[in-house]
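This note's numbering applies: residue 288 is where the sequence shown begins, and numbers increase by one.
Below: the structure, in structure tokens.
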Amino acid sequence: MKIICPICKSELIKKQKSYICFNKHNFDMSKSGYLNLTINKSNTGDNKEMVNSRTLFLETDSYLPLKDRLNKIINSYNKSSLLDLACGDGYYTKSFNIKNKFGIDLSKEAITYASKKDKSTFYLISSIFDLPFLDDSFDIVTTIFAPISKDEIYRVLNKNGLFILVTPGKNHLFNLKKIIYDKPYLNKEDKINIKNLTLIKTEKLEYSFKLNNNDSIKDLFTMTPYYYKTSKKDASKLDNINNLTINASFIISIYQKK
């Protein structure tokens, strides 16, 4: 898989522990094994608190049914290359049974953790809206609970390549929201149209899981967008909750590049 320079867009060639392009732009591999290709240092992605909370929650395997379902879908297509956009700490990425895997995220905290725990994936720090890859590079691109970089996804997908998107269903985490908000709301399930990609399949995965300690409940809340949109007063309603049954609802959409 050819990686391109984020500055001049020429191919990066690996030389020992660095990647260097024709124009001598140089990017070093980290000790843990990731490649940092960020240019805009002001945009750093998720902070340490959010990454830690997500990692601790995901390690409870409350989202294991989603991970297992994604693996079954990916395995059914028998593809050889995959790019996981906004991969975070690599919880899903590391489980994908694909020969050539890449995970990309802006958060140094998340990518450092991912690259230490998972040596089967090549991890990069870079923007998902300016991907450091040539056109038509991947058989599969995934986006799981993250913004959709539509133009870049189309560009890096091979002909007949697949884009797998995971978004929240209307009831996702509703039991959590009922505690926090006076007027809890359902998520929208709008159909997402992506230019030049054809939606070939949509399925919903729903189940309930239990969290039996306050730390895990707080970790789940902190890893969601609700954390930054909720007042301290409302967030404090979780302080004395030690047991909670939560409903998970995921929509898995599969698109194909024609």
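Note that CB positions come from ideal geometry on N, CA and C, so glycine has one too.
6 Å Cβ shell around residue i - same chain, five flanking residues per side excluded
i, result
"S340", "D506, T509 and M510"
"D355", "none"
"D423", "N445"
"I398", "Y321, D392, Y410 and I412"
"C292", "L299, C308 and H312"
"L323", "Before going on, a small fix: residue 323 reads as Asn here, not Leu. Closer than 6 Å at Cβ, skipping near neighbours: I412."
"I440", "V428 and F450"
With 16 other Cβ atoms within 10 Å as the buried cut-off, status of residue i
i, result
"L372", "buried"
"T380", "buried"
"P434", "exposed"
"T337", "First, the residue type needs correcting, since residue 337 is Met and not Thr in the sequence shown. With 16 or more Cβ atoms within 10 Å of its Cβ, M337 is classed as buried."
"K389", "Per the sequence shown, the amino acid found at residue 389 is Phe instead of Lys. It is buried - the Cβ of F389 has at least 16 other Cβ atoms within 10 Å."
"S518", "exposed"
"Y350", "buried"
"Y306", "buried"
"F309", "exposed"
"D315", "exposed"
"I294", "exposed"
"Y515", "exposed"
"S297", "exposed"
"S540", "buried"
"T408", "buried"
"D469", "exposed"
"S503", "buried"
"D438", "exposed"
Own chain partners of residue i with C-beta closer than 8 Å, once the 5 adjacent residues on each side are dropped
i, result
"K464", "P471, Y472 and Y513"
"N365", "none"
"N327", "S414"
"E493", "G456, N458, N534, A535, S536 and F537"
"N567", "With the chain covering 288 to 545 only, the question about residue 567 has no answer from this structure."
"N362", "N384"
Inter-residue CB distance, residue i and residue j (contact presumed, cutoff 8 Å)
i, j, result
"Q543", "L498", "Incorrect: roughly 37 Å between the Cβ atoms, too far for contact."
"S536", "K403", "Not really, about 32 Å apart at Cβ, beyond 8 Å."
Sequence-distant residues of the same chain with beta carbon closer than 7 Å to residue i, five excluded per side
i, result
"I431", "Y379 and V453"
"S436", "L372, I415 and F416"
"N500", "N529"
"C374", "T380, G390, I391, D392 and A401"
"L343", "D506"
Residues sharing a beta bridge with residue i, DSSP
i, result
"V428", "L370 and F450"
"S495", "N534"
"L484", "K544"
"N313", "I307"
So, do the stretch 485–493 and the stretch 515–526 have three or more beta carbon pairs nearer to each other than 8 Å?
Too few Cβ pairs lie closer than 8 Å, so no.
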